[in-house]
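Residue numbers (the numbering used here), protein chains in the order written: chain A, 41 to 657; chain B, 17 to 322. Have a look at the structure below before the remarks.
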């Protein structure tokens with residue numbers, strides 16, 4: 041009696057061995073590393089590895105090891121200063137096609153990582169970093185697409201002079217007609233040419249107006265496209281910032297989560313991520329005086345009033361020469377002659393052509409660079425939250441065209457080198473298709489992250505030891521068995537977390553601590569039951585067996601209800617709650633295995649199949 | 017440690033005292049929740065929170081002076097853990113923007129260590145509040161259904177009333193002491209629901225078993241017996257859980273403090289309620305031996321038990 045068949049013991053041993061193996065990567069700590077990956081789709085290969093090695097050797101930076109895996113190259117260093125100087129020289133040496141970022145690389149031995157062993161990934165609260173939740177202003181997206189359709193319709197209908205008037209009314213377009221024949225003709229053109237629009241007042245035959253709206257499916261397409269494009273742009277910007285293992289994910293229909301582990305300059309990250317900035321190049325209207333325009337309140341036809349950042353007004357031509365969308369390259373630097381910050385711009389061929397034509401035709405005229413920024417902020421007014429949108433258009437520079445140029449030139453007039461750097465980055469990474477707002481930020485500094493790990497681990501160990509002592513004192517040999525089961529439970533939790541690569545957070549550690557306390561519950565239930573059985577049962581072997589069996593259903597019931605609560609936590613939780621729910625759920629499941637199956641196995645080995653006078657419980 | 021005797025404490029006989037005790041606690045909690053409410057953290061209210069560390073102890077008034085220069089007068093500045101660390105809290109401003117934290121960090125200068133910045137927009141706070149309430153509700157409903165299927169509706173009602181009792185009192189203590197209620201505390205309260213239920217289920221399981229195993233029909237006697245039989249387990253598990261929570265509370269650091277406190281309170285209340293509240297409820301609801309007789313399917317299951 042009380043013996044597991046050999047296969048069952050073997051299976052248990054197998055499970056425990058696998059768990060130990062996959063929990064193992066977590067004890068090796070991590071190395072300071074610099075990670076190099078491709079900024080585009082190009083794969084990183086052996087030639088890149090050689091190049092990096094040469095750069096490091098050339099600059100006399102010694103490294104611990106360097107290797108290529110998972111489409112990235114990791115160079116490991118002994119100390120922080122070597123890591124930082126390696127990042128600097130690699131960034132300069134490799135150029136823009138690569139993302140160079142600081143990283144902490146787990147130092148798992150090769151044989152273990154060949155078996156798929158990975159260390160748990162640590163959450164931002166443990167390693168430090170930034171978490172942003174960004175919301176795309178979909179209303180602005182729709183209003184931009186209404187603008188687009190409005191212009192299209194005007195072109196479409198103007199050819200035959202079909203309409204009397206056309207105007208935008210919020211997210212509707214209203215067209216008026218001279219006669220119902222013209223209206224019918226226009227409607228038939230619209231329904232065949234502009235399929236994304238729906239005609240709302242189609243019933244009303246007598247009215248000489250038609251109201252149009254964007255169809256639901258087109259609206260969905262537009263918002264989906266805007267979100268996707270914003271994600272792409274954000275990814276480019278994050279690549280420019282140089283972050284190892286960034287997470288950029290869609291959440292819901294209009295939000296984007298951005299997590300940047302290890303980023304310390306959060307102010308810069310915020311500026312870069314949230315900015316919706318672009319440039320416009322326009323000619324200066326030299327014939328009219330801006331002061332007159334301000335006083336009379338009328339701007340001359342073909343011109344528009346703009347201001348410099350310091351408030352000086354200037355009249356610019358409404359026709360745009362080219363915009364930020366035509367920019368293919370931008371690099372910041374210092375203008376050698378005047379020692380002021382500048383940005384070198386490279387245009388694509390349509391942009392270059394437009395620039396060449398303009399500079400030829402308007403030699404010695406002035407050309408202005410307008411910096412446009414769209415902002416959206418949620419503010420609360422009398423308890424209601426409203427979105428406040430604003431667009432700023434500042435002239436950053438207006439200079440005389442000294443010679444003809446096409447796709448390469450430079451702009452100055454930027455306040456600081458820092459702004460020049462940011463502007464260059466934004467122009468390179470492309471512009472966001474819609475204004476975006478940071479609606480949640482959680483930043484953990486590296487020092488707090490390290491503190492959190494230390495405190496978390498300390499409390500797990502302390503709680504664990506307290507429980508071990510308590511169980512050993514209370515249940516003696518059986519208590520020791522429970523302790524072995526508890527230890528194995530901890531190993532299994534770590535193994536499962538490592539295998540599924542769940543992110544361990546501080547609340548997650550709290551979940552583990554709580555599991556340690558609650559996992560012994562199953563053993564307590566069994567042992568208390570066993571004690572009762574011993575009272576009524578003279579056969580000790582039978583008492584052990586029925587103690588385990590009778591407690592089983594209770595344990596299952598109790599654990600399933602806790603599991604329900606933690607699954608609800610998981611599905612509703614964001615960030616911190618999710619981390620807690622994951623470890624708690626895993627802990628409940630693994631504790632059932634260790635506390636029931638494993639502890640029984642050990643008890644069977646100790647007491648099974650022989651005559652016993654007394655149990656040490 | 018080898019006391020093989022089962023205690024014979026008359027729990028049910030003291031149920032009037034327990035009832036009065038619980039009634040007082042619940043009333044005080046509800047009153048406090050109604051009058052002064054919970055001190056919600058920025059997770060729910062929205063706003064900005066910044067934790068910074070200094071090399072040496074810092075004077076709070078100096079920091080307030082610096083902040084008031086740029087109209088951050090409403091900032092709440094306090095020590096956090098030690099006099100080297102401060103916590104700055106800002107209510108959601110008229111203009112609530114992620115920029116506020118950047119501005120404050122700029123004002124504080126370069127020699128401070130930015131340990132934590134949290135900004136929650138007003139809309140997100142609203143959503144988290146709704147989601148939190150819903151999570152609590154769904155957890156309770158899920159549990160209600162499971163217990164009703166596994167046991168009987170009276171048990172389900174008994175366990176739910178014990179849970180509501182625990183949640184109200186834990187929230188009440190947070191309200192009375194004006195401890196900060198943030199997302200992690202919400203998680204803790206949901207964990208308390210799980211824990212307290214765990215305790216209650218173990219007792220209920222024993223009650224059902226005893227109803228079926230003995231010839232007695234007096235529910236009070238059977239329930240009292242079950243409570244006594246499970247008592248040492250109830251205490252053991254509470255003690256081990258409280259031990260680890262104490263470790264977490266004392267060593268886990270400030271961030272996790274209110275989380276572990278909520279759990280500590282909840283586990284104590286939960287242990288008490290599974291002994292007194294849940295069982296009293298099923299007696300009050302009039303449970304009898306007949307209610308426990310298994311249906312055909314369950315009977316087979318029980319017969320096949322070893």
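Every residue gets a Cβ at the ideal spot worked out from N, C-alpha and C, and that includes glycine. Quick caveat, the model's predicted, so the values are computed rather than measured.
Residue pairing by DSSP places residue 94 of chain B opposite B:103 in a beta bridge. For residue 91 of chain B, there are no C-beta contacts with chain A under 9 Å, since the nearest C-beta of that chain is about 17 Å from it. Proximity of chain A to residue 214 of chain B at the Cβ level (cut-off 8 Å) is accounted for by 558, 561, 598, 599, 601 and 602, in chain order. As the crow flies, the alpha-carbon of residue 486 of chain A is around 6 Å from that of residue 167 of chain A.
Around residue 170 of chain B, the same chain offers 298, 301 and 303 as residues with beta carbons nearer than 6 Å, after the five sequence neighbours per side are excluded. By the Cβ neighbour-count rule, residue 431 of chain A is exposed, with fewer than 16 other Cβ atoms within 10 Å of its own. It is roughly 60 Å from the alpha-carbon of residue 222 of chain B to the alpha-carbon of residue 79 of chain B. Using a Cβ-Cβ distance cut-off of 8 Å, the segment 506 to 518 of chain A and the segment 155 to 164 of chain B are not in contact, since fewer than three pairs of beta carbons, one from each stretch, lie closer than that value. The beta carbon of residue 644 of chain A sits closer than 6 Å to those of 42, 43 and 44, all from its chain and outside the five residues before and after it, given in chain order. For residue 182 of chain B, no chain A residue has a C-beta closer than 8 Å to its own C-beta; the minimum C-beta separation is roughly 12 Å. Residue contact with chain B for residue 502 of chain A: present (Cβ-Cβ distance below 7 Å to some residue of chain B).
The C-alpha of residue 118 of chain B is placed about 21 Å away from the C-alpha of residue 74 of chain B. Membership of residue 154 of chain A in the alpha helix (DSSP H) is indicated by the continuous run 150 to 154. The C-beta of residue 297 of chain B comes no closer than 7 Å to any C-beta of chain A. When C-alpha distances from residue 212 of chain B are compared across B:272, B:234 and B:177, the shortest belongs to B:177. The beta-bridge partner set that DSSP reports for residue 205 of chain A consists of A:216.
Contact between the segment 284 to 304 of chain A and the segment 132 to 145 of chain A is present: 3 or more CB-CB pairs across the two stretches fall below 8 Å. Note that the segment 363 to 377 of chain A touches the segment 450 to 468 of chain A; at least 3 beta-carbon pairs, one per stretch, sit closer than 8 Å. Residues of the segment 236 to 255 of chain B with a Cβ closer than 8 Å to any Cβ of chain A, in chain order: 245, 246, 248, 249, 252, 253 and 255. Look at residue 145 of chain A here: in three-state DSSP terms it is strand. Selection A:337, A:463 and A:329 evaluated against residue 357 of chain A yields A:329 as nearest (Cα-Cα). Around residue 169 of chain A, no beta-carbon contact reaches into chain B at under 7 Å, the shortest distance being about 11 Å. Interface with chain A (7 Å Cβ-Cβ cutoff): residue 162 of chain B is included.
Within the same chain, 62, 63 and 138 come within 6 Å of residue 108 of chain B by CB-CB distance, once the 5 residues on both sides are set aside. Interface residue (Cβ-Cβ distance to chain A less than 7 Å): residue 274 of chain B is not classified as such.
Assigned with DSSP and collapsed to three states, residue 166 of chain B falls in helix.
For residue 450 of chain A, the enclosing beta strand (DSSP E) begins and ends at 448 to 451. Contact with chain A is found for residue 199 of chain B, since one of that chain's Cβ atoms lies less than 7 Å from the residue's Cβ. Just so you know, the alpha carbons of residue 209 of chain A and residue 251 of chain A end up roughly 9 Å apart. Nearest to residue 38 of chain B by C-alpha distance, out of B:247, B:188, B:198 and B:225, is B:188. Within the DSSP bridge table, the entry for residue 629 of chain A names no partner.
If only complete runs of 3 or more residues are kept, the segment 141 to 200 of chain B shows no beta strand (DSSP E) anywhere. A straight-line Cα-Cα distance of about 46 Å links residue 42 of chain B and residue 310 of chain A. Close partners of residue 131 of chain B in chain A (Cβ separation under 7 Å): 485, 487 and 488.
Within the same chain, Cβ atoms closer than 8 Å to the Cβ of residue 577 of chain A are found at 583 and 586, the five residues on either side in sequence being excluded. For residue 499 of chain A, the chain B residues whose C-beta falls within less than 7 Å of its own C-beta are 263, 264, 267 and 268, listed in chain order.
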